[in-house]
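Remarks on the structure that follows.
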Amino acid sequence: SQKIEQNSEALNIQEGKTATLTCNYTNYSPAYLQWYRQDPGRGPVFLLLIRENEKEKRKERLKVTFDTTLKQSLFHITASQPADSATYLCALDFPEPYSSASKIIFGSGTRLSIRP
Amino acid sequence: EAQVTQNPRYLITVTGKKLTVTCSQNMNHEYMSWYRQDPGLGLRQIYYSMNVEVTDKGDVPEGYKVSRKEKRNFPLILESPSPNQTSLYFCASSPRTGYNEQFFGPGTRLTVL
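Those protein sequence lines, which keep their order, are chains A and B.
Position in the first sequence (first residue = 1) + 48 = our numbering.
Position in the second sequence (first residue = 1) + 53 = our numbering.
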């Protein structure tokens, strides 16, 4: 079955540095991949989406890459700030064969802490 | 304001007592989904719905039921809750399946004693 790994449960970095989070998957490649931010006690909030035929996507201080050969996505936050501290989730969308439906699988998340 | 609402936000119940968690979205989205979130396991999809009267199982559907009689509502039903269904539940919606962000509700924390 399809598996997703976010290889760090927790990541602590100094303010101003670039945070890099990793999402690896097994088996076949998803149609697209999303990254979400989740704060304690709240629902996830969408950040970025990247399609299987795209290598890189940017939004302000955020950058996502997608390497279908390595079966990996990297999520970067440049010039990190304490307000970026949260749990970050990757989610992969896999189309169901012979159907317009798709199954969405989330990673377990990486808890990012930015220290001043 | 565009949003997904869930009720109740917190619920403590006992084993075997049927309950329903409601979910409603005001964005005219076609796709709706239920997830449970448990420590170390992340978000796992329970059921999803492509549109009215179209529902399908996610990864962990056992012990749950859903219905989609109207586009805006997607209730989650636990006919006979058990302690292993103690979890944090999220409802989400998106304009359509694939290629769209999901909007999540605030969550429902359920405890089954």
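A virtual CB, placed ideally from N, CA and C, is assigned to each residue, including glycine.
Keep in mind it's a predicted model, so treat the numbers as computed, not measured.
Cβ-based burial, residue i [other Cβ within 10 Å; buried from 16]
i: residue 80 of chain B; result: exposed
i: residue 112 of chain A; result: buried
i: residue 91 of chain A; result: buried
i: residue 152 of chain A; result: buried
i: residue 136 of chain B; result: exposed
i: residue 69 of chain B; result: exposed
i: residue 76 of chain A; result: exposed
i: residue 64 of chain A; result: exposed
i: residue 129 of chain A; result: exposed
i: residue 93 of chain B; result: exposed
i: residue 131 of chain A; result: exposed
i: residue 74 of chain A; result: exposed
i: residue 50 of chain A; result: exposed
i: residue 157 of chain A; result: buried
Integer Cβ distance of residue i from residue j, believed to fall under 8 angstroms
i: residue 70 of chain A; j: residue 54 of chain A; result: 7 angstroms
i: residue 141 of chain B; j: residue 62 of chain B; result: With 8 angstroms as the limit, residue 141 of chain B and residue 62 of chain B do not qualify as a contact, their Cβ atoms being about 11 angstroms apart.
i: residue 118 of chain A; j: residue 52 of chain A; result: About 14 angstroms; that fails the 8 angstroms criterion.
i: residue 114 of chain A; j: residue 125 of chain A; result: Contact doesn't hold; Cβ gap of about 17 angstroms is too wide.
Beta bridge counterpart(s) of residue i as assigned by DSSP
i: residue 58 of chain A; result: A:159
i: residue 139 of chain A; result: A:82, A:154
i: residue 105 of chain B; result: None, per the DSSP bridge assignment.
i: residue 158 of chain B; result: Partner(s): none; residue 158 of chain B has no beta bridge.
i: residue 73 of chain B; result: B:130
i: residue 104 of chain A; result: A:113
i: residue 88 of chain B; result: B:98, B:143
i: residue 118 of chain B; result: B:130
i: residue 121 of chain A; result: A:71, A:114
i: residue 190 of chain B; result: Given a span of 54 to 166 for chain B in the structure shown, any question on residue 190 of chain B remains unanswerable.
i: residue 163 of chain B; result: B:64, B:140
i: residue 110 of chain B; result: B:100
i: residue 97 of chain A; result: A:82
i: residue 53 of chain A; result: A:72
i: residue 134 of chain A; result: A:160
Beta-carbon gap between residue i and residue j smaller than 8 angstroms
i: residue 111 of chain B; j: residue 154 of chain A; result: no
i: residue 160 of chain B; j: residue 145 of chain B; result: no
i: residue 56 of chain B; j: residue 74 of chain B; result: no
i: residue 106 of chain B; j: residue 125 of chain B; result: no
i: residue 166 of chain B; j: residue 67 of chain B; result: yes
i: residue 102 of chain B; j: residue 127 of chain B; result: yes
i: residue 110 of chain A; j: residue 68 of chain A; result: no
i: residue 93 of chain A; j: residue 84 of chain A; result: yes
Chain-order list of residues whose beta-carbon lies under 6 angstroms from that of residue i (same chain, five-residue window excluded)
i: residue 161 of chain A; result: 60, 133
i: residue 133 of chain B; result: 69
i: residue 162 of chain B; result: 63, 141
i: residue 87 of chain A; result: 134
i: residue 105 of chain A; result: 96, 98, 112
i: residue 159 of chain A; result: 58, 135
i: residue 120 of chain A; result: 72
i: residue 65 of chain B; result: 164
Cβ-based neighbour list, residue i, same chain, cut-off 7 angstroms, excluding 5 preceding and 5 following
i: residue 78 of chain A; result: 100, 140, 141, 142
i: residue 172 of chain A; result: There is no way to answer for residue 172 of chain A, as the model of chain A reaches only from 49 to 164.
Sequence-distant residues of the same chain with beta carbon closer than 8 angstroms to residue i, five excluded per side
i: residue 114 of chain B; result: 99, 100
i: residue 107 of chain A; result: 95, 96
i: residue 102 of chain A; result: 114
i: residue 108 of chain B; result: 100, 101, 102, 119, 120, 121
i: residue 156 of chain B; result: 55, 56, 57, 78, 80, 82, 145, 146, 147
i: residue 116 of chain A; result: 77, 100
i: residue 139 of chain B; result: 163, 164, 165
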